[in-house]
Amino acid sequence: MRSVGRKLVAACGVLAMACTMAACGGDTASDADDNSLMTVEVFDQLANYQGEQKGWFAKVIKDKFNIKLNIVAPNVAGGGNTLFDTRAAAGNLGDIVIIGSGSGQAEKVVKSKLVTDLSSYIKNTKYLKTYQGAIDQLTKDANQESGMWGIPTSVSSLSPTESSEGVEPTFGPFVRWDYYKEIGYPKVATLEDLLPVLKQMQDKAREETGSDDVYALSLFKDWDDQAMQNGFQLPAFYGYAEGTGYVMSNADGTDAQSLIDENGVYVRALKFYNKAEQMGLVDPESTTRNYDTMYSKYKEGKILFSFWPWLGQAAYNTDAHKKDGKGFMMLSIDDMKIASKGAQPNGTTTFIGVGEKAKNKERLVKFIDWLYSPEGIQAAGSQTNGAAGLKGLTWDIKDGKPVLTDFGVKAMGGESVNVPEEYGGGGYSDGASQLNVSTVLNKDIDPRTNAPYNYQMWDSELAKRDTALDKDWQEHMGGARTTMEYLEQSGKLAVIPGASYTTPDEDSVISTTRGQLKTAVVNACWQAVFSKSDDEFNSIWSKMQKEVDGLGYKKVYDVDMKNTKDMFKARQAIEKEYASREK
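Put into structure tokens, the structure is as follows:
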């Protein structure tokens, strides 16, 4: 453990007993915190904003800690890992770092002394010390035997086998419910039975709109990585999500299979898309679309099926549309088991740390501790995770229960509203936290309200689900108020235990081979999906399998399978660990 404070103890004996906590943690006595205004540089791999934090959140943290944040965001700067590598080479990432621990990154920043050991600080915190299990997990991820090198994010007090999702799942078969209604709510027994239903919906939509450019499906390319990204969505309807490389694995750890297996769940998805293409259901411009251009098609009402609620619903389900009974809602497939990430008691693979060269470390830790407090969870998370913002401004307590204020209803609804000067002024969304981090799972319970941090789960908000669209959907879903409520009540969830597993750094030869495989697999995916017949599909896929075998697919697959098995073990371990905590 690197600690100037310990050197002071050795050199100064009793004098060191009087040193401040900050001095003992790495600041010298001459650098003792005078509590003056401090600019804190935050290296944040999650942020989509670069520069000084403005507005109401800036006022909150200045009033509490006399700090202002200057955010350094690789997402904005571009260049992949270039910014991280450049700052790491200079020996200083930032005063506070928000980075991933996977692929050996946690170990790298600890060994390179880019983050400091927080042991002497965390013991004096109110909230951080309650997440000792998560802190210990990060220590393991960093391949260290001791020390506290940061605090993982999205930590939770919930069971790892309880879904982390509140109102909507991440995945699901969401369709334009108004057209589904018009064709008589046909039952869908299995995935492939959805195709004739989508054909009927497309025919109905074209008939009513008089437009031939309405399609059941649209695909897009710009999120492709090791394979066609859209191919991963349909297996999630059957519990297969969070695959590791070229291994597709299910929620309960009973199956792990090759992504390119012609009889596997991934290829089943590609065959579904290809059959849809043969039926004329796929937007022909899919091969040139990116997410943004595809999103605009959903907004215009031109696409009828969505893999995700945060695509179709976000784009089309305006208040006006919902009042008219129009919008995307999930239909039920008889044999579906929707994959859902479990709560993570030990947090995600992103963590918050303090730079080794940072000054006034005690004050920085107090700020981080506040981010994990009920007030901080709501305030810092308001832009990113359904949290409700500031009590008194966007929400309050009425008759013992949390409710959004009139201002909060407008702000959370996306309206452009200005914050009163007493709270800092400026636009609400402009002044929200730009850290883009969720410190505690938004489904966890706020002890001040005995309700989830996620305002969308409050009784006062659920009562608002009374539009024509909501009511019709609820009538056909057994009275469930939300999609998650339906999935839980009907036993159609496959919860993936919330383990904080990170893949290790891999050999450079494997990485190089993986890059070659990506090109071959992605190209074959798109060619197969847009092939003209089943025979052509099978021929394309068989040719690709032979090509990647020659490139070294098995070596990469073996690495991915080992990582998958280690991930299964991590899931089993967190279940046991959580059970022991509850005893």
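What the sequence shown shows, in mature numbering (1 follows the signal peptide of the UniProt record, and there is no 0), is residues -22 to -1, 1 to 561, in sequence order. All C-beta atoms, glycine included, are put in the ideal place defined by N, C-alpha and C.
*Alpha-carbon to alpha-carbon, Y224 and E484*: Position 506 of the sequence shown, counted from the first residue, corresponds to residue 484. Position 246 of the sequence shown, counted from the first residue, corresponds to residue 224. The C-alpha of Y224 is placed about 14 Å away from the C-alpha of E484.
*asked:* If you measure between the beta carbons of N70 and K319, is that distance less than 7 Å?
replied: If you number the sequence shown from 1, residue 70 lands on position 92. If you number the sequence shown from 1, residue 319 lands on position 341. Between N70 and K319, the C-beta gap is not smaller than 7 Å, which leaves the two residues out of contact.
_Restricting to Cα atoms, I'd like to know which of Q235, E240, Q83 is closest to S520._
Sequence index remark: in the sequence shown, residue 520 carries index 542 (1-based). Nearest option by C-alpha distance: E240.
*Quick one: what's got a C-beta closer than 7 Å to Y157's C-beta in the same chain, skipping five residues either side?*
On the sequence shown, residue 157 is found 179 positions in, with the first residue counted as 1. Closer than 7 Å at Cβ, skipping near neighbours: M179, K182, A183, L282.
*Under a Cβ-count criterion, where at least 16 other Cβ atoms within 10 Å of its own Cβ denotes burial, should A208 be classed as buried or exposed?*
Position 230 of the sequence shown holds residue 208. For clarity, residue 208 is Asn in the given sequence; the question names Ala instead. Counting of Cβ neighbours within 10 angstroms places N208 among the buried residues, the total reaching 16 or more.
_Counting C-beta neighbours from all protein chains within 10 Å, is the total for R559 16 or more, i.e. buried, or is it exposed?_
One-based indexing of the sequence shown puts residue 559 at position 581. So R559 ends up on the exposed side.
*Considering only the beta carbon of each residue, do G144 and N432 sit closer than 7 Å?*
One-based indexing of the sequence shown puts residue 144 at position 166. One-based indexing of the sequence shown puts residue 432 at position 454. In contact: G144 and N432 (Cβ atoms closer than 7 Å).
*Thinking C-alpha only, which one of G367, E399, V88 is nearest G391?*
What you label residue 391 is simply residue 413 of the sequence shown in a count that begins at 1. Comparing Cα positions, the closest option is G367.
*Closest by CA to G359, which one among I161, R154, A458, S411?*
Residue mapping note: residue 359 aligns to position 381 of the sequence shown, counting from 1. Among I161, R154, A458, S411, the Cα nearest to that of G359 is on S411.
*Shortest alpha-carbon distance to L136 belongs to which of R549, K421, K315, W155?*
Here residue 136 is taken as the residue at index 158 of the sequence shown, counted from 1. Among R549, K421, K315, W155, the Cα nearest to that of L136 belongs to K421.
*Using a Cβ-Cβ cut-off of 7 Å (strictly less than) and excluding sequence neighbours within five positions of S478, which residues of its own chain qualify?*
Numbered from 1 along the sequence shown, position 500 holds the residue referred to as residue 478. In its chain, beyond the 5 residues on either side, Q115, P130, Q322, N324, G325, T326, T327 have a beta carbon closer than 7 Å to the beta carbon of S478.
_Inter-stretch contact (C-beta, 8 Å, three-pair minimum) for the segment 54 to 69 and the segment 293 to 305_ = With a cut-off of 8 Å on Cβ pairs, the segment 54 to 69 is not in contact with the segment 293 to 305, counting fewer than three such pairs.
*Cβ atoms of A441 and P380: under 7 Å apart, would you say?*
The residue labelled residue 380 in the question sits at position 402 within the sequence shown. The residue labelled residue 441 in the question sits at position 463 within the sequence shown. Cβ distance not < 7 Å, so P380 and A441 don't count as in contact.
*Under a three-way DSSP split, which group does E19 fall into?*
Along the sequence shown, read from residue 1 onward, the residue named residue 19 stands at position 41. Three-state result, E19: strand.
*asked:* From the DSSP secondary-structure annotation, give me the bridge partner or partners of F329.
replied: Here residue 329 refers to the residue found at position 351 of the sequence shown. In the DSSP assignment, F329 forms a beta bridge with I77, P130.
*Alpha-carbon to alpha-carbon, K304 and A293*: Translated into the one-based positions of the sequence shown, residue 293 becomes position 315. Translated into the one-based positions of the sequence shown, residue 304 becomes position 326. Whole-angstrom Cα-Cα distance: 12 Å.
*asked:* With distance defined between alpha-carbon atoms, name the residue in Q235, N13, S468 nearest to G456.
replied: The residue labelled residue 456 in the question sits at position 478 within the sequence shown. For G456, the nearest C-alpha among the options comes from S468.
*Give the range of the alpha helix (DSSP H) segment to which N541 is assigned.*
What you label residue 541 is simply residue 563 of the sequence shown in a count that begins at 1. Annotation for N541: the continuous alpha helix (DSSP H) segment containing it runs 531 to 560.
*What residues in its chain sit with their C-beta under 6 Å from that of Y109, if we drop five residues either side in the sequence?*
The residue given as residue 109 occupies position 131 in the sequence shown. Excluding residues within five positions, the ones whose Cβ falls inside 6 Å are V133.
*How is the beta strand (DSSP E) around F345 delimited, first residue to last?*
The residue labelled residue 345 in the question sits at position 367 within the sequence shown. That residue, F345, is in no beta strand (DSSP E); its alpha helix (DSSP H) goes 339 to 349.
*Leaving aside the five residues before and after N396 along the sequence, list all residues of the same chain whose C-beta is less than 8 Å from its C-beta, in chain order.*
Sequence index remark: in the sequence shown, residue 396 carries index 418 (1-based). Excluding sequence neighbours, N396 sits near G403, G404, G405, Y406.
*How big is the Cα-Cα spacing for W504 and K315?*
As a working note, residue 504 is residue 526 in the sequence shown. As a working note, residue 315 is residue 337 in the sequence shown. W504 and K315: Cα-Cα distance of roughly 26 Å.
*Based on the DSSP output, what are the partners of S227 in its beta bridges?*
Against the sequence shown, residue 227 aligns to sequence position 249. S227 is bridged to A234.
*K315 by DSSP, collapsed to three states: which one?*
Here residue 315 corresponds to residue number 337 of the sequence shown, with the count starting at 1. Three-state DSSP puts K315 in a strand.
_Using DSSP's beta-bridge definition, name the partner residues of V381._
As a first step, residue 381 must be located in the sequence shown, where it is residue number 403. Residue pairing from DSSP places V381 in a beta bridge opposite D374.
*How do the segment 547 to 557 and the segment 506 to 519 stand: do at least 3 beta-carbon pairs fall below 8 Å, yes or no?*
Below 8 Å, too few C-beta pairs join the segment 547 to 557 and the segment 506 to 519 to call them touching: fewer than three.
*Reducing DSSP to helix, strand and coil, say where D270 ends up.*
Against the sequence shown, residue 270 aligns to sequence position 292. In the structure shown, D270 sits in a helix (DSSP, three-state: H, G or I).
*Out of curiosity, what's the CA-to-CA distance linking G188 and Q31?*
Counting from 1 along the sequence shown, the entry for residue 188 is found at position 210. Counting from 1 along the sequence shown, the entry for residue 31 is found at position 53. G188 and Q31 have their C-alpha atoms some 49 Å from each other.
*Along the alpha helix (DSSP H) that carries A43, what are the first and last residues, could you check?*
For this step, residue 43 is matched to residue 65 along the sequence shown. Looking at the sequence itself, residue 43 is Phe, so the reference to Ala does not match. Counting along the chain, the alpha helix (DSSP H) containing F43 begins and ends at 33 to 43.
*In three-state terms, what does DSSP make of R492?*
Here residue 492 refers to the residue found at position 514 when the sequence shown is read from its first residue. R492: helix per DSSP, three-state reduction.
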